[in-house]
Amino acid sequence: MSENKKDIMINFKKAKSLMDKLISMTEDGEYCIDIMQQNLAAIGLLKSAHQMLMAGHLNTCFKNAMASKNEKLKAKMVEEILKVNKLAAK
192 MSENKKDIMI NFKKAKSLMD KLISMTEDGE YCIDIMQQNL AAIGLLKSAH
242 QMLMAGHLNT CFKNAMASKN EKLKAKMVEE ILKVNKLAAK
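For the sequence shown, my numbering gives the first residue as 192, with consecutive numbering after it.
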């Protein structure tokens with residue numbers, strides 16, 4: 192993950208800032224469409240961070256596990272990817 196860590200952290204910090212803004216906007220009763228647009232921006236940042244995390248994991252941890260002779264580790268890694276993908280699809 193270290194290669195993408197900077198970009199991932201930027202996305203998380205921007206999303207956090209947007210969440211604070213969303214809370215304020217909602218408390219202040221701002222226009223619904225404006226709140227929804229900011230919400231979608233936060234979701235986009237989190238999805239982007241997720242993709243970067245997934246790419247980093249596949250290119251390091253997953254790749255190393257698949258190259259090993261440890262069949263239990265391989266099965267565990269595949270199971271984890273499937274579980275995360277299922278959660279992401281919700």
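Ideal Cβ positions, reconstructed from N, Cα and C, are used throughout, including at glycine. Note that the structure is a prediction, hence the values are computed from the model and not measured.
Which residues in the same chain as residue 135 place their Cβ atom closer than 7 Å to its Cβ, once the five residues preceding and following it in sequence are excluded?
No information on residue 135 is available, as it lies outside the stretch 192 to 281 that the chain covers here.
Exposed unless 16 or more other CB atoms sit within 10 angstroms - verdict on residue 250
Position 59 of the sequence shown holds residue 250. With fewer than 16 Cβ atoms within 10 Å of its Cβ, residue 250 is classed as exposed.
How long is the line joining the alpha carbons of residue 224 and residue 213, rounded to whole angstroms?
Residue 224 sits at position 33 when you count from the first residue of the sequence shown. Residue 213 sits at position 22 when you count from the first residue of the sequence shown. Between residue 224 and residue 213, the C-alpha separation is close to 12 Å.
Counted within 10 angstroms of its Cβ, other Cβ atoms place residue 206 as buried (16 or more) or exposed
Here residue 206 is taken as the residue at index 15 of the sequence shown, counted from 1. With 16 or more other Cβ atoms within 10 Å, it is buried.
Which stretch, first to last residue, makes up the alpha helix (DSSP H) that contains residue 262?
Taking the first residue of the sequence shown as 1, we reach residue 262 at position 71. For residue 262, the enclosing alpha helix (DSSP H) covers residues 262 to 279.
If I measure Cβ to Cβ from residue 197 and keep anything under 6 Å in the same chain, skipping five residues before and after, which residues do I get?
If you number the sequence shown from 1, residue 197 lands on position 6. Taken in chain order, the list of residues that qualify is empty.
Determine the direct distance from the alpha carbon of residue 261 to that of residue 252, and round the result to whole angstroms.
Taking the sequence shown and counting its residues from 1, one reaches residue 252 at position 61. Taking the sequence shown and counting its residues from 1, one reaches residue 261 at position 70. So the alpha carbons of these two residues sit roughly 13 Å apart.
In the DSSP assignment, the alpha helix (DSSP H) including residue 203 goes from what residue to what residue?
Here residue 203 refers to the residue found at position 12 when the sequence shown is read from its first residue. Where residue 203 is concerned, the enclosing alpha helix (DSSP H) stretches over 196 to 218.
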